[in-house]
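Note that the protein sequences, when read in sequence, are chains Z and P. Residues in the first sequence are numbered from 47 upward in steps of one, following the numbering used here. Residues in the second sequence are numbered from 9 upward in steps of one, following the numbering used here. Taking it in order: structure first as structure tokens, then the write-up.
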Amino acid sequence: MTSTAPALVRPRQLAGVAPTSVAGLGLGVLALLATAVATSAASRAPVPVLSDVGLVAVLPAAYWAGPITLSIIFALALPEAARHRSLLTLLLGCLVLTLYGPAVMAANAPRLEVAWRHLGIIDTIVRSGTINPKIDAYFNWPGFFSAGGLVLEATGLSPWTAALWAPVWNMALWLTALMVLIRGLTKDKRVRWLTLWLFCLGNWIDQDYLSPQAFAFFLHIVMLTLAMTWLGAQPQVRLGASVEGAGVLPGTRRWWASRVPADTEKRRTAALFVVVLLGLAMIVSHQLTPFATIVSLTALILIGRCWSPGLPLILGVIVVAWLSYGASAYLAGHPVLFAVEPEVAAGANLGERLDGGSGHLVVVVVRMALTVTIWCLAAVGTLRRLRRRERDLRPVALAAAPLLLLPVQSYGGEMLLRVNLFALPFTAFLAAHAFTGRPIRTRGTDLGTTAAVSLVGALLATAMLTAKFGNARFDTFTQGEIAAGAELYRVAPPNALLLAGAHPTPWRYHEYTRKYTTLQDLCRPSDNADGCFEKLRARVRHGGNGAAVLLSRSNEESLRLQGLMAPETFDRIEGMVRAEGGAQLVYNNADARIYVIPPKQAKR
Amino acid sequence: MKIERDAASLVIVTLAVAAPIMVAFGVAGPLRTAVALPLVSLLPGLALVRLALRPIEHLNSTVVLAIAVSLALDVVASLAMVYLHTWSVVGVLGLLAVVTLSATVARHVVMRRRTA
């Protein structure tokens, strides 16, 4: 039984684009102008960001011309989506640049300490040409980093540039893959474009920086696309009707046997090899994503929409093989991967995210509200699909499947965020149906829908910017902090401990294997200044080679905003470091200070 | 159409051969980026997709698959060389070039057999 794969193969005559109208051209030019105004305004935003609600509070008023204009143009173009493909592609590109680029434009430096750290891991692998899995967990899943080293070394691209622009490139890559995936789910072009638009607006989760998870998410989307198209299947009878007629087991067997593959055996075999290759690259690159992929593929198989029931098993075997070999060093220190009490998981995923200052709480509430809004719109869209008798279960199954990961592990308190990201392509798809109630072939402008899409788009854009850049006060670095991070390696005595105030520090991008720690790691929120300083002193003495202590504005802001340490305590600890015998202030700028504690005094 | 496809193969082969040579000779600057970037991000996947998954008529489907396969090959090839203690950028690029050239040649052989 053969048929063409519906999503990926289309008659050539349908692939063309209708001639772009003068109005379309005009809207395109307007979108480009709005984007230019927004990016130019974003580049004038003051850094450091001096607001507890983050970047959104300091963006110049002109910036908002961008997201608002783009939302309106998108809503106007959407009803004629088939004619305006070029315009909608342009709008999507403009939206990515406008929503994902402001921090790049404002700070002109990579955000998030972890992006700098990832550059350090790449640097370590490239310099040594080996992998020591005992260094830390990253070296147990080193695939992305070795490939990153290859790309940077081969192309001569600057690591700084790669990390700086990674959010924009990753988002562009995800959206390109999502375009293909969504094409397999609907013929309605309005729904396709609206899905991509809502994905952009709902993705505040901030996993698009230079990271293995961003790379693995791209592979995840492509694997699901292949599973739904070339490896896809379609039962010829309804499960309910089959069970009703023949009983549970025989009916289910009949339903299962009625599936027909979506493509030829030759292409299925080729697609299977591709999925396994992508799975292999994913499994050696990221700890969590393979589990989300396996769960999602299993969901597709259980609803009869994937022809290869053995695929999750093949991937599962590769996961186990990798855990037993490449990640065995990590497993030795972390014997239980998936056993967490539900209360612990809930606390880590939700409760701990509600701690912090009032501005930070506003950001957390906006994040939760944005997520809940997307899920509510998805629920409305699902009801509309049911009303239209659209019985394709795949988007619902793929939106729900990642939730199974939620109770099993806290993943450092981030599982809720990651699950939301894995579900987002499908919640966005379902949410798109909330705005497209009329049948597919109905054309013409519906003013109510146009107004709703532009209004919701502008509101979600504001919420997304608040949620995504809500920590900009501490995770966006100033040039002074970056200069101090570089200076740290110059002034620190050989083998000295490198110590910072907290984790938002632009360091570890080279000399990754040195000893690093922070006050945040050493002290508890309940510790007073004396207690915390004693821990610092003990740690320096334990190392025996002295320390270089970097204390910065972003360190202090991070500790304050997350409710981990009061500014007065931070200042008192800095005073104690300054007063420590032999300690010297060796570097000082408006945003950071470096003190060196020599080995002798540290031992005294 | 045939000329177009041959031209595409010619571009793929030229870039696949040029990139490792350029890196081996230490050529720097934008030219190196322009030649090496396609080899690490697109060409091996494109050659394999053109060979194994014909026909794909949507350009973005082809591009997405080609990028995904190329990046996956980057991971597998670079990691294999690291674990075998033979890490070398030129070596990995050479491997990617071999994959690209083999798939392109195999495609031509298959096409010729079909038209014969």
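All residues carry an ideal CB built from backbone N, CA and C; glycine is no exception.
Residues that Thr41(P) contacts on chain Z, provided the C-beta gap is smaller than 8 Å: Thr201, Gly202 and Leu203
Pairwise C-alpha distance: Gly372(Z) and Asn178(Z): 10 Å
Which listed residue (Lys312(Z), Val330(Z), Trp243(Z) and Glu311(Z)) has its alpha carbon closest to that of Phe261(Z): The candidate whose alpha carbon is nearest that of Phe261(Z) is Val330(Z).
Proximity below 8 Å, CB of Leu463(Z) to CB of Ile251(Z): yes
Members of the segment 159 to 185 of chain Z that neighbour chain P once the beta carbon cut-off is set at 9 Å: Ile171, Val172, Ser174, Gly175, Thr176 and Ile177
Where Leu68(P) falls: helix, strand or coil (DSSP): What sits at residue 68(P) in the sequence shown is Asn, not Leu. In this structure, Asn68(P) counts as helix in the three-state DSSP scheme.
Pick from Ala469(Z), Leu582(Z) and Met328(Z) that is closest to Pro188(Z), judged by C-alpha positions: Nearest option by C-alpha distance: Met328(Z).
Leu101(P): contacting residues in chain Z (beta-carbon distance under 7 Å): Ala200
Reference Ala149(Z); option with closest CA among Pro540(Z), Gln608(Z), Phe520(Z) and Arg585(Z): Phe520(Z)
Beta-carbon proximity check, Ile420(Z) vs Ala477(Z), cutoff 8 Å: Contact flag set, yes.
DSSP three-state assignment for Leu610(Z), whether helix, strand or coil: Coil, per DSSP.
Nearest candidate by alpha-carbon position, reference Leu79(P), set Leu103(P), Gly53(P) and Leu23(P): Among Leu103(P), Gly53(P) and Leu23(P), the Cα nearest to that of Leu79(P) is on Gly53(P).
His125(P): contacting residues in chain Z (beta-carbon distance under 8 Å): For residue 125(P) there is no data in the structure shown, the boundaries of chain P being 9 and 124.
Glu199(Z) versus Asp82(P) - alpha carbon distance: 12 Å
Cα-Cα separation, Val77(P) to Val320(Z): 7 Å
CB contact check: Ala26(P) to chain Z, cutoff 8 Å: no
CB contact check: Val71(P) to chain Z, cutoff 8 Å: yes
Contiguous beta strand (DSSP E) assignments of at least 3 residues, all confined to the segment 107 to 131 of chain Z: Every candidate beta strand (DSSP E) stretch fails here, since none sits fully inside the segment 107 to 131 of chain Z while reaching 3 residues.
Nearest-angstrom beta carbon gap, Gly350(Z) and Arg305(Z) [assumed within contact, 8 Å]: 5 Å
Close Cβ partners of Val48(P) (< 6 Å) along its chain, the five nearest in sequence each way excluded: Asp82
Enclosing beta strand (DSSP E) for Leu631(Z) [first to last residue]: Gln630 to Asn634
Cutoff 6 Å; reference Tyr641(Z); Cβ partners in own chain excluding five residues on either side: Cβ within range, chain order: Val595, Val623, Ala629 and Leu631.
Contained alpha helix (DSSP H) runs [length at least 4] in the segment 475 to 533 of chain Z, N- to C-terminal order: Entirely contained in the segment 475 to 533 of chain Z, the alpha helix (DSSP H) runs reaching 4 residues are, in chain order, 493 to 514 and 518 to 521.
Candidates Ala575(Z), Thr512(Z), Gly590(Z) and Glu533(Z): closest to Tyr146(Z) by CA position: Thr512(Z)
Buried or exposed by the 16-neighbour rule on C-beta atoms within 10 Å, applied to Lys514(Z): buried
Thr271(Z) in three-state terms, based on DSSP: helix
Unbroken beta strand (DSSP E) run spanning Leu596(Z), endpoints: Element bounds for Leu596(Z): Ala593 to Ser598.
Residue from Asp14(P), Ser17(P) and Thr41(P) whose Cα sits closest to the Cα of Ala27(P): Per the Cα distances, Thr41(P).
Per-residue contacts from Thr222(Z) into chain P (C-beta, under 9 Å): Asn68, Val71, Val72 and Ile75
Residues that Arg440(Z) contacts on chain P, provided the C-beta gap is smaller than 9 Å: Going along chain P, no residue has its Cβ under 9 Å from Arg440(Z), so there is no contact; the nearest lies around 18 Å.
As assigned by DSSP and simplified to three states, the class of Ile349(Z): coil
Simplified DSSP state of Ile640(Z), which is helix, strand or coil: strand
Cβ-Cβ separation, Pro471(Z) to Phe245(Z) (assumed contact under 8 Å), whole Å: 6 Å
Listed by chain order, chain P residues near Phe190(Z) by CB distance under 8 Å: Val83
Minimum Cβ-Cβ distance from Leu18(P) to chain Z less than 8 Å: no
Three-pair Cβ contact test at 8 Å for the segment 108 to 124 of chain Z versus the segment 69 to 86 of chain Z: Under the 8 Å Cβ criterion, the segment 108 to 124 of chain Z counts as touching the segment 69 to 86 of chain Z, having at least three qualifying pairs.
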